[in-house]
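S.K.: To convert, take the position in the sequence shown, counting from 1, and add 51; that gives my numbering.
Starting off with a structure, shown below.
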Amino acid sequence: MDDLSHLTDTELISLCLARSSKDERPFAEIFHRHHAIVARVIFRYFPHEQDVEDLAQEVFFKAYRSLEQYEGRSSLKTWLYSIATNTAKNELRKRSRRPVVVDQSLQEMEEVLPDEAEALPKHNIHQQQTFQQAFSQLSAPEQEILLLKDAEELTYEEIAGQLNLSVSAAKMRVQRARLAMKTYYQEKDHVQQSS
Numbered sequence: 052m053d054d055l056s057h058l059t060d061t062e063l064i065s066l067c068l069a070r071s072s073k074d075e076r077p078f079a080e081i082f083h084r085h086h087a088i089v090a091r092v093i094f095r096y097f098p099h100e101q102d103v104e105d106l107a108q109e110v111f112f113k114a115y116r117s118l119e120q121y122e123g124r125s126s127l128k129t130w131l132y133s134i135a136t137n138t139a140k141n142e143l144r145k146r147s148r149r150p151v152v153v154d155q156s157l158q159e160m161e162e163v164l165p166d167e168a169e170a171l172p173k174h175n176i177h178q179q180q181t182f183q184q185a186f187s188q189l190s191a192p193e194q195e196i197l198l199l200k201d202a203e204e205l206t207y208e209e210i211a212g213q214l215n216l217s218v219s220a221a222k223m224r225v226q227r228a229r230l231a232m233k234t235y236y237q238e239k240d241h242v243q244q245s246s
C-alpha cells in the first residue's frame, strides 16, 4: 500500500502508532497534508524562509513524538496549529523580541476572506493593495481570528477551542472582524479613488 492519500488523518495516526519507526510513510503523508498550514502559522511570526522551514520541522518532530497523547478531541489540523503557534511563541521568547507584523504576499492575502457574497473584491492590483492596507488596520486579535477562519479554514468549533471561547463568541468575533475589515477596505478604497 504505497499511496496513503485516501486515508483519513485518524487512520494515518493509527498506522503511525501501530508501525512505529518501521514505516515512515503514514507520518510522511501527515506532513505532506498539513505542512502548508503549519508553515503559514510560523510565517506570521517569522517571515524568513529558513526560519519557517526549521520551525516547521520542529513542529512535526514534536507532533511525531506526541502522537500517543493526541486524543482526537479536536481535528489533527487544529492540534498541529496549536503546536505550531506554541513553537513560534516559544522561539520568540528565546530570541527575546516581539513579533513583527509582516505584510503577507498578495496571494496569501487573497485567501484571508472567503469568495462569498460578503467577500471583498480583490480583482486588480489597486484592490489588492487596498485590501492589504485595510487588513493591516485590524487589531492583532481581529487579524488572528480572520486568519483562523478564512485562511486556515478552521470551523467555529475549532476556533472556539483554539482561543478558549464559546462557539457563539467565536462566531460573533469573526463577524465583527469581517465588518471592521469591510469598513476599513471601503474607507481606503474611497480615499484612493478620490485622489
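From the three backbone atoms N, C-alpha and C, an ideal C-beta is built for every residue, glycine too.
In this text the structure is predicted, and so the values were computed from the model without any measurement.
(1) Can you tell me whether residue 192 is buried or exposed, with buried defined as 16 or more other CB within 10 angstroms of its CB?
(2) Kindly indicate which three-state DSSP category residue 98 falls into: helix, strand or coil?
(3) Would you kindly check if the distance between the Cβ of residue 81 and the Cβ of residue 110 is under 7 Å?
(4) CB residue 218 to CB residue 207, shorter than 7 Å?
(5) DSSP state of residue 224, grouped into three classes?
(6) Using CA coordinates, which residue listed in 118, 229, 213, 138 is at the minimum distance from residue 90?
(7) Can you give the Cα-Cα distance for residue 96 and residue 202, rounded to whole angstroms?
(8) Where do the ends of the alpha helix (DSSP H) carrying residue 65 lie?
(9) To the nearest angstrom, how far is the alpha carbon of residue 145 from that of residue 75?
(10) Restricting to Cα atoms, I'd like to know which of 210, 83, 132, 239 is closest to residue 188.
M.R.: Reading from the atomic positions:
(1) exposed
(2) coil
(3) no
(4) yes
(5) helix
(6) 138
(7) 15 Å
(8) 60-70
(9) 31 Å
(10) 239
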